[in-house]
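Residue numbers (the numbering used here), protein chains in the order written: chain A, -12 to 98; chain B, 189 to 306. Positions of the beta carbon are idealized from the N, C-alpha and C atoms, including for glycine.
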Amino acid sequence: LAKTTQPISMDSYEGQEVNITCSHNNIATNDYITWYQQFPSQGPRFIIQGYKTKVTNEVASLFIPADRKSSTLSLPRVSLSDTAVYYCLVGTFRGANNLFFGTGTRLTVIP
Amino acid sequence: NAGVTQTPKFQVLKTGQSMTLQCAQDMNHNSMYWYRQDPGMGLRLIYYSASEGTTDKGEVPNGYNVSRLNKREFSLRLESAAPSQTSVYFCASSERTGVLAGGFFEQYFGPGTRLTVT
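So, in structure tokens, the structure goes:
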């Protein structure tokens, strides 16, 4: 089971690019890296997923180095509405215990 | 499309009481999940159902039972509530479990049920 380590919290000003790094030293060959976002009083929402190199969608980019022991979620030009908790998940979901949400990173965007 | 719905939104129980949390999805998903989230913590998987007719334990199944009533509905039952079960409970669904070429199947979460056991 590949557990993850993320910063507990981060602050950023509006309009800045935010990078949240996740460490997953025990990542297995078949593991994917997935990021979810959770607003207060809501369930998590899928943001992005990747296996290696770089993945980009309309919301974020995910950078994964060659050794895959870490990954970085990049949010371009954040706004106040990006204030949320961001979770990094690593696993293959072969079994229930392979999907693990850690404590996440609480991002606060400041005006 | 309502997505994933959960009832009730809030509930207060006394120790020893029982209750069932209801979850339904209208996305024709095969897989459904129950998580709990304690204050300031991440989500922990209680049970999941890979497909209609099957259920499996997650990380923290003790004190809970589940029923996959049909493809749409997945309920979570607390037979004898304890204060340690005070939490927010989230139901989620996905097209299926496992991995496709692009990774995990995305999970869609409901709004949660806030449960307090006194």
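By DSSP's assignment, A:Ile97 forms a beta bridge with A:Tyr0. Nearest to B:Lys245 by C-alpha distance, out of B:Gly228, B:Leu264 and B:Met229, is B:Leu264. Proximity of B:Phe198 to chain A, defined by a Cβ-Cβ separation below 7 Å, is not satisfied. Contact check for B:Cys279 against B:Gln225 fails: the beta carbons are separated by 7 Å or more.
Take A:Asp69, set aside five residues on each side of it, and the residues of its chain with a beta-carbon closer than 7 Å to its own are Leu62, Leu94 and Val96, in chain order. Between the alpha carbons of B:Gly191 and B:Ala270 lies a distance of about 30 Å. An exposed status is given to B:Ser206, since fewer than 16 other beta-carbon atoms sit within 10 Å of its beta-carbon. At least one C-beta of chain A is nearer than 7 Å to the C-beta of B:Phe278.
The straight-line gap separating the alpha-carbon atoms of B:Ala238 and B:Met220 is approximately 7 Å. DSSP, reduced to helix, strand and coil, places B:Gln295 outside both helices and strands of the structure shown, so it counts as coil. In this structure, A:Gly91 places its C-beta atom within 7 Å of the C-beta atom of A:Val72. Annotated as proximal: A:Thr21 and A:Gln36, with beta-carbon spacing under 7 Å. A distance below 6 Å between beta-carbons, with the five flanking residues on each side excluded, links A:Val5 to the following residues of its chain, in chain order: Ser(-1), Leu62 and Val65.
By DSSP's assignment, B:Tyr252 forms a beta bridge with B:Leu266. Residue state for B:Gln210 is assigned as strand, using DSSP reduced to three classes.
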